[in-house]
Amino acid sequence: MAKLTDLSGEGWPVASSQKNSTDFDEKLGTSPGVWTGGEMANPVPSACCVVLAAVVVVYAQRHSQQDSHIQYERVGADVTMKCGSMDWDAAVTWTANGTDIDDSHLNGSYLILKNVDLTQSGQYSCYEGSSWHLKYQTYLRVGTPPKEPVLMCRSNNYPKGFYCSWHLPSPTYIPNSFNISVIHGTREMVCEKDIFPKNRCHIRYLQLFLTVKYKVTLTVTNALGKNSTSLTFDEFAIVKPDPPESVVAKPVPNNPRRLEVAWQNPSSWPDPESFPLKFFLRYRPLILDQWQHVELLDGTSHTITDAYAGKEYIIQVAAKDNDIGTWSDWSVAVHATPWTEEPKHLTTEAQVTETTSASTSYFVPPPTTKICDWWAVRPWQCVGQLDWSWLLMVSSLFSEYAPSWGHERWGWVLGGHGGLRGSDVVGKGDTKQAVGEEHWV
Amino acid sequence: MLNVAGEPPGDSWGIFAFLCAALCNLPAVPALNGTEELGAGQSIQKTYDLTRYLEHQLRTLAGTYLNYLGPPFNEPDFNPPRLARAEQVPSATVDLDLWRGLTDNARLAANYRAYSRLLCYLRGLDGQAGTAELRHRLGHFCSSLQGLVVSIAGVMSSLGYPLPAGPAGPPLPPGAPAAPNDFLKKMDDFWLLKELQTWLWRSAKDFNRLKKKVPPAVVTLRLEARGF
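Each protein sequence line maps, in turn, to chains Z and E.
Residue numbers for the first sequence follow the UniProt record's numbering, beginning at 1 and rising by one.
Residue numbers for the second sequence follow the UniProt record's numbering, beginning at 1 and rising by one.
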């Protein structure tokens with residue numbers, strides 16, 4: 001939002017107002033009112049071109065003016081600004097970003113800023129006292145010299161090549177430039193900068209199985225200083241694949257302790273045939289902290305056979321070249337629950353929805369539910385839910401098994417103890433009990 | 001036994017009996033092709049495993065030996081330029097495309113020649129090494145390395161390739177130029193170990209490629225082993 005003003009007194013034209021239109025047209029080499037392109041019939045596109053060109057020219061000039069008046073200072077430094085060519089005892093007014101600066105910061109016509117901090121960055125202008133003529137302008141940028149940069153090199157696409165990426169551990173608040181050099185033996189190699197992400201470059205391997213190490217040096221420079229760091233490594237030491245992709249875990253029907261896991265080689269690994277990867281799988285139920293691990297030298301799938309029934313698992317896979325380098329990061333985690341058998345004759349809706357979405361939830365029978373059906377173990381708990389079908393079923397059972405039973409049996413069933421043949425009834429009772437218990441959980 | 005006249009149970013029993021008879025006679029049929037492929041595949045796997053074992057052994061051995069040589073050889077960042085004299089040691093370095101395009105024969109031959117020469121040089125280290133323990137370790141490593149050379153030869157012969165002529169290839173100049181001073185001698189030792197390490201890394205990759213190219217082992221029925 002800075003105004004376009006006559007900065008150096010050299011009479012650079014501006015396009016912001018009409019009064020300078022003559023100058024403007026002089027720049028283009030035509031007299032005012034004559035359109036370039038000459039076709040009177042279609043003046044509008046030509047006008048657009050002209051205006052666009054003007055804007056570009058002015059923008060470039062404005063930028064070049066500004067670039068030449070940027071001042072970089074360290075945080076905590078004392079800054080003295082002189083008002084151009086004005087004498088020390090001239091009467092001047094300084095402004096910071098358009099706001100007048102108090103005289104207490106002035107030493108004659110010099111502006112003194114002590115112990116500058118980041119908030120004092122901005123545009124400083126010096127005006128002659130009475131005429132308010134702009135005498136000097138500068139952009140002050142407060143920053144720090146660069147700290148030692150952090151450099152990392154890695155080959156996730158062996159044997160194609162490797163990449164290096166870097167960053168500064170703390171910001172400098174002023175522009176930095178990075179220069180990276182890769183030396184191999186006596187040869188300097190060119191590390192091609194990536195467009196995205198920034199601060200990254202890559203190198204293609206021309207030869208494999210080199211005994212000489214690579215030395216990568218990164219130098220970061222800004223107006224206040226420079227710093228550098230180096231890495232020396234063997235071709236093999238920096239091999240680290242990307243994590244496996246498309247990890248999928250599914251329950252195995254009719255197997256309550258199994259989970260089938262499958263994944264794919266990372267797409268960045270160019271040649272899994274000649275440079276096979278091995279994998280590391282880790283899994284645990286969500287409710288536990290201990291991981292279980294399996295190393296797999298072959299294939300991209302594995303069946304877990306010792307999963308706890310009904311528990312939701314979290315599973316991750318990592319990859320590594322069979323022989324060289326280090327393990328990749330862990331893949332995205334997948335969740336899966338082993339197959340659980342659907343209990344028959346459910347009476348509550350909650351249980352039905354829980355088991356039909358078996359892969360995502362941990363099945364817990366609600367404690368208040370009682371399974372009240374004809375094989376109920378403790379029918380007295382189901383008093384409120386008993387229906388006549390249950391009673392009819394029970395009575396028909398007894399009549400089938402012991403048609404000769406007299407009222408004594410019925411007396412027992414309905415709460416009394418008649419003269420019974422203990423073994424028969426107990427046996428049946430036990431069986432019922434056993435069957436009931438199986439279904440109870 | 002075969003009842004043609006439409007009694008399904010009798011029919012299937014007959015076929016079953018025939019199959020049993022055929023299976024029981026199978027061991028008598030020579031299965032030469034299968035055994036050969038089985039042999040080559042297994043040999044390649046064994047050679048691969050041996051390179052991994054040696055690479056692991058070399059790590060400890062090299063660490064000890066470089067410590068014996070002393071600084072700067074035992075510094076992790078030590079990265080000297082290669083001197084001309086070090087070119088005698090066969091290098092594993094190869095152009096990427098060239099390496100990819102190697103035939104099985106060429107690949108195996110390169111490994112065979114390299115390890116034969118490296119073995120010679122390594123044996124030369126033996127006499128001068130410092131402690132008795134270091135000499136013992138070197139000796140053990142040399143034996144294992146010899147095993148690798150023999151194993152590679154085995155793979156080549158099982159695939160029908162001739163062994164490269166002479167273990168040294170181009171013969172070592174008689175009285176190979178001994179290092180003029182102690183430091184350069186140590187440099188030679190350093191490069192020898194480095195090349196050995198690189199070769200072992202390369203061989204793992206070479207044998208991985210070979211594993212894929214040799215057809216997978218054919219499973220033959222070996223019923224005679226089961227006493228049928």
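Ideal Cβ placement from N, Cα and C applies to all residues, glycine included.
Note that the coordinates shown come from a computational prediction; the quantities given were computed from them, not determined experimentally.
(1) Measuring CB to CB, does Ser125 of chain Z end up less than 9 Å from Leu118 of chain Z?
(2) Give the residues of chain Z in contact with residue 265 of chain E, contact being defined as C-beta atoms less than 8 Å apart.
(3) Just curious, the alpha helix (DSSP H) that Glu245 of chain Z is in, first and last residue?
(4) Compute the Euclidean distance between the alpha carbons of Leu193 of chain E and Gln42 of chain E, then round it to the nearest angstrom.
(5) Between residue 248 of chain E and the rest of its own chain, which residues show a CB-CB distance below 6 Å, the 5 nearest in sequence each way excluded?
(6) Counting Cβ pairs closer than 8 Å, one from the stretch 212 to 224 of chain Z and one from the stretch 241 to 251 of chain Z, do we hit at least three?
(7) Quick check on DSSP: helix, strand or coil for Asp306 of chain Z?
(8) Given a cut-off of 9 Å on the beta-carbon distance, is the pair Thr103 of chain E and Phe209 of chain Z in contact?
(9) At the level of alpha carbons, what is the spacing between Tyr121 of chain E and Pro71 of chain E?
(10) Nearest to Phe279 of chain Z by CA position, among Z:Trp291, Z:Pro243, Z:Asn254 and Z:Leu286, is which residue?
(11) Please return the same chain residues whose Cβ sits closer than 7 Å to the Cβ of Lys226 of chain Z, not counting the five positions on each side in sequence.
(12) Identify which residue in Z:Tyr214, Z:Cys49 and Z:Lys114 has its Cα closest to the Cα of residue 459 of chain Z.
(13) Can you list the residues of chain E that Leu273 of chain Z reaches, using a CB-CB cut of under 7 Å?
(14) Taking DSSP as the reference, what is the three-state secondary structure of Asn67 of chain E?
(15) Run through DSSP, which three-state label would Ala237 of chain Z get?
(16) Quick one: residues in its chain with C-beta nearer than 8 Å to the C-beta of Leu296 of chain Z, no 5 flanking neighbours on either side, listed in chain order?
(17) I'd like the list of long-range same chain contacts for Lys272 of chain Z, defined as Cβ closer than 7 Å, with 5 residues on each side in sequence excluded.
(18) Step through the CB atoms of chain E and report whether any lies within less than 9 Å of the CB of Leu28 of chain Z.
(19) Just the chain Z side, please: which residues come within less than 8 Å of Arg82 of chain E by C-beta, in chain order?
(20) Once DSSP output is grouped into helix, strand and coil, what is the label at Ser267 of chain Z?
(21) In the DSSP assignment, what are the bridge partners of Gln71 of chain Z?
(22) Which of helix, strand or coil does DSSP assign to Arg82 of chain E?
(23) Indicate whether the contact test is met: 3 or more Cβ pairs, each with one atom in the stretch 197 to 214 of chain Z and one in the stretch 151 to 170 of chain Z, closer than 8 Å.
(24) So with CB distances below 9 Å, who are the chain E contacts of Pro244 of chain Z?
(25) Using three-state DSSP, classify residue 442 of chain Z as helix, strand or coil.
(26) Do Thr99 of chain Z and Tyr127 of chain Z have their CB atoms nearer than 9 Å?
(27) Give, in chain order, every residue of the stretch 141 to 162 of chain E whose Cβ lies closer than 8 Å to some Cβ of chain Z.
(28) Could you please tell me which residues of the stretch 302 to 326 of chain Z, in chain order, have their CB closer than 8 Å to any CB of chain E?
(29) Short of 8 Å in beta carbon distance, which residues of its chain neighbour Cys142 of chain E, apart from the five on each side in sequence? Order them along the chain.
(30) Less than 9 Å between the C-beta atoms of Val216 of chain Z and Val182 of chain Z, yes or no?
(31) At 9 Å on the CB atoms, spell out the chain E contacts of Tyr205 of chain Z, in chain order.
(32) What's the C-alpha gap between Ile238 of chain Z and Gly101 of chain E?
(33) Identify whether Val214 of chain E lies in helix, strand or coil by the three-state DSSP scheme.
(34) Identify which residue in E:Lys211, E:Tyr65, E:Asp97 and E:Gln88 has its Cα closest to the Cα of Val155 of chain E.
(35) By how many angstroms is the C-alpha of Cys49 of chain Z removed from the C-alpha of Ser109 of chain Z?
(36) Rounded to whole angstroms, how far is the Cβ of Leu54 of chain E from the Cβ of Leu145 of chain E, which I believe are closer than 8 Å?
With the given structure in hand:
(1) no
(2) An answer regarding residue 265 of chain E cannot be provided, because it is not within the stretch 1 to 228 covered by chain E.
(3) From DSSP, Glu245 of chain Z is part of no alpha helix (DSSP H) but of the beta strand (DSSP E) over Glu245 to Val252.
(4) 29 Å
(5) Chain E is shown only over 1 to 228; residue 248 of chain E falls outside these bounds and no answer can be derived.
(6) no
(7) coil
(8) no
(9) 22 Å
(10) Z:Pro243
(11) Pro146, Thr219 and Val220
(12) Because chain Z here runs from 1 to 441, residue 459 of chain Z falls outside it and cannot be looked at.
(13) Inspection of the sequence shows that residue 273 of chain Z is occupied by Glu rather than by Leu. The contacting residues are Lys212.
(14) helix
(15) coil
(16) Result list for Leu296 of chain Z: Lys278, Phe279, Phe280, Leu281 and His302, in chain order.
(17) In the sequence as presented, Lys is not what sits at residue 272 of chain Z; that position holds Pro. Here the set comprises Asn265.
(18) In this prediction, Leu28 of chain Z scores a pLDDT of 44, lower than 50, which makes its location untrustworthy; no coordinate-derived value is stated.
(19) Gly185, Thr211 and Val212
(20) coil
(21) Z:Leu140
(22) In the structure shown, Arg82 of chain E adopts coil according to DSSP, grouped into three states.
(23) yes
(24) Simply none; closest approach about 19 Å.
(25) Nothing in the structure corresponds to residue 442 of chain Z, since chain Z is present only between 1 and 441.
(26) no
(27) none
(28) Asn322, Asp323 and Ile324
(29) Leu119, Leu122, Arg123 and Asp126
(30) yes
(31) In chain order: Leu96.
(32) 25 Å
(33) coil
(34) Looking at the Cα atoms, E:Lys211 is the closest of the given residues.
(35) 45 Å
(36) 6 Å
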